[in-house]
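Colleague:
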Amino acid sequence: MTKLKDIAARLGLSPATVSRALNGFPEVNEQTRQRVQAVARAMNYRPNQIAQKLVSGRSGMIGMILRSPVDVATDPSFFEVMAGLSSRLADYDMDLVFHASNAEDEVAPYRRLVAKATLDGFILNAPTVEDQRIQFLTAAGVPFVVHGRAGLGVPDYPFFDIDNAALARQSVALLHDLGHRRIAFLNGPANYAYAAQRLSGFQSALAARGLVTPTRFIRHDRLAEDYGQRAAATMLTDTAAPTAFLCASTLIAAGVLRAARKAGLSVPGDLSVIAHDDAIPQFRAVNFEPALTVTRAPIRDACGPLTDKMVRLLDGAQSSDLQTMVTADLIVRQSTGPVPVGQQGGWNETSVVAD
Numbered sequence: 001m002t003k004l005k006d007i008a009a010r011l012g013l014s015p016a017t018v019s020r021a022l023n024g025f026p027e028v029n030e031q032t033r034q035r036v037q038a039v040a041r042a043m044n045y046r047p048n049q050i051a052q053k054l055v056s057g058r059s060g061m062i063g064m065i066l067r068s069p070v071d072v073a074t075d076p077s078f079f080e081v082m083a084g085l086s087s088r089l090a091d092y093d094m095d096l097v098f099h100a101s102n103a104e105d106e107v108a109p110y111r112r113l114v115a116k117a118t119l120d121g122f123i124l125n126a127p128t129v130e131d132q133r134i135q136f137l138t139a140a141g142v143p144f145v146v147h148g149r150a151g152l153g154v155p156d157y158p159f160f161d162i163d164n165a166a167l168a169r170q171s172v173a174l175l176h177d178l179g180h181r182r183i184a185f186l187n188g189p190a191n192y193a194y195a196a197q198r199l200s201g202f203q204s205a206l207a208a209r210g211l212v213t214p215t216r217f218i219r220h221d222r223l224a225e226d227y228g229q230r231a232a233a234t235m236l237t238d239t240a241a242p243t244a245f246l247c248a249s250t251l252i253a254a255g256v257l258r259a260a261r262k263a264g265l266s267v268p269g270d271l272s273v274i275a276h277d278d279a280i281p282q283f284r285a286v287n288f289e290p291a292l293t294v295t296r297a298p299i300r301d302a303c304g305p306l307t308d309k310m311v312r313l314l315d316g317a318q319s320s321d322l323q324t325m326v327t328a329d330l331i332v333r334q335s336t337g338p339v340p341v342g343q344q345g346g347w348n349e350t351s352v353v354a355d
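The opening residue of the sequence shown carries number 1 in the UniProt record's numbering; numbering runs sequentially from there.
1) If you draw a straight line from the alpha carbon of residue 81 to that of residue 342, how long is it in whole angstroms?
2) Buried or exposed: residue 344, going by 16 or more other Cβ atoms within 10 Å of its Cβ?
3) Give the C-beta separation of residue 313 and residue 143 to the nearest angstrom, bearing in mind that I take them to be a contact with Cβ-Cβ under 8 Å.
4) Look at the Cβ atom of residue 278, then the Cβ atom of residue 77, and state whether they are nearer than 8 Å.
5) For a quick check, are the C-beta atoms of residue 110 and residue 148 less than 8 Å apart?
6) For residue 127 and residue 140, what's the separation of their Cα atoms in angstroms?
7) Any contact of the region 186-193 with the region 278-287, i.e. 3+ C-beta pairs under 8 Å?
8) Quick one: complete beta strand (DSSP E) runs, 3+ long, within the region 216-301?
9) Helix, strand or coil: which one does DSSP assign to residue 45?
10) In the DSSP assignment, find the unbroken alpha helix (DSSP H) run with residue 95 in it and report its ends.
11) Where does residue 213 land, buried or exposed, given buried means 16+ other C-beta within 10 angstroms?
12) Is it buried or exposed, residue 262, if we count other Cβ atoms within 10 angstroms and call 16 or more buried?
13) Output needed for residue 259: all residues of its chain with C-beta closer than 6 Å, excluding positions within five of it in sequence on either side, in chain order.
14) When you compare the CB positions of residue 243 and residue 204, do they come within less than 8 Å of one another, or not?
15) Cα separation between residue 58 and residue 84?
16) State yes or no: is the C-beta of residue 276 within less than 8 Å of the C-beta of residue 167?
17) Measure the Cβ-Cβ separation of residue 45 and residue 2 and say whether it is below 8 Å.
18) Apart from the five residues just before and just after residue 265, which ones in its own chain have a Cβ nearer than 6 Å to its Cβ?
19) Exposed or buried, residue 332, counting other C-beta atoms within 10 Å across all chains shown (16 or more means buried)?
20) Of all the options 335, 114 and 340, which has the alpha carbon lying nearest to the alpha carbon of residue 137?
21) Residues in the same chain with beta-carbon distance under 7 Å from residue 63, minus the five sequence neighbours each way, listed in chain order, please.
22) Decide if residue 354 is buried, meaning its Cβ has at least 16 other Cβ atoms within 10 Å, or exposed.
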């Protein structure tokens, strides 16, 4: 097995210089670093990970904890995110360590892994409105980046997110321009921050247009087709049924389309449907019948920025320089159209109070 001293002998350098070059120490110039790395590759050198950690203070491993193993089967974006993060981390010669936990105390697995000191940091997904994980890691001084943002304000930690409030406002604006005034909202679980942000955008967009949606036409549940079908089937039997649905995901929209077909309604002739699209390959919105109008932000596009922010954070960058919020694209297709004749009215105050 090739050792540091073998590389040093080949290059005529000291073992200490070779070690510093391989571990990225700044006092080694770039030319020497490249020479050392080239010879190390040629000699098939494999560093001792334990020794490397002692020198650099890093393990090269980033942790990600899924709240529940059940989510692996029900969340179609899971494998997209895992593949994207793993691939990008490999570019930095780092590894993603995945852990699934169904502990009631969501901080417990973080507390245990932090105590072991085997990970350089964490990538957090699906933050809640008041995320205890963020509070714990901040207090513990452990590096982390978040896919999303907790709460409604501007955080003080690194994140990559889409503007959830803005995409809801975009959707309402499109439907309003088409004449719709009775817009139902099938949102994600209420405890998740993205759902709170989208609800805020939805309600503010309605208020700006003098509209309101009764609470019975706003639902929160997991991003699943059966939820969309059940909720839409119930709402479409209402005496003041919605003329349009805003859905938190394409899966929910698939359920709405199924409910509409069972009710004998055409889309977009009788009902308009718009959804948010994470661009999961197996659920392509353009292949729906009819093709779905969406706000689109491919979830895999977050993997590169999240990884880059993690590496920069470990290298000493300030959190305020590692915050990115992007805007989703609005793609108008065949699932949205003008409000049906005779259905132009909104929900009046009586219907809101009765709710």
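Just so you know, even glycine gets a beta-carbon here, dropped at the ideal spot from N, CA and C.
All values reported here derive from a predicted model rather than from experimental measurement.
Modeller: In short, the structure shows the following:
1) 45 Å
2) exposed
3) 5 Å
4) yes
5) no
6) 18 Å
7) no
8) 218-220, 244-247, 272-277 and 293-296
9) coil
10) Segment 95-100 is the beta strand (DSSP E) holding residue 95; no alpha helix (DSSP H) there.
11) buried
12) exposed
13) 229, 232 and 233
14) no
15) 22 Å
16) yes
17) yes
18) 271
19) exposed
20) 114
21) 97, 99, 113, 119 and 122
22) Per-residue confidence for residue 354 stands at a pLDDT of 42, beneath the threshold of 50, marking its modelled position as unreliable; the derived number appears in the next sentence. Exposed.
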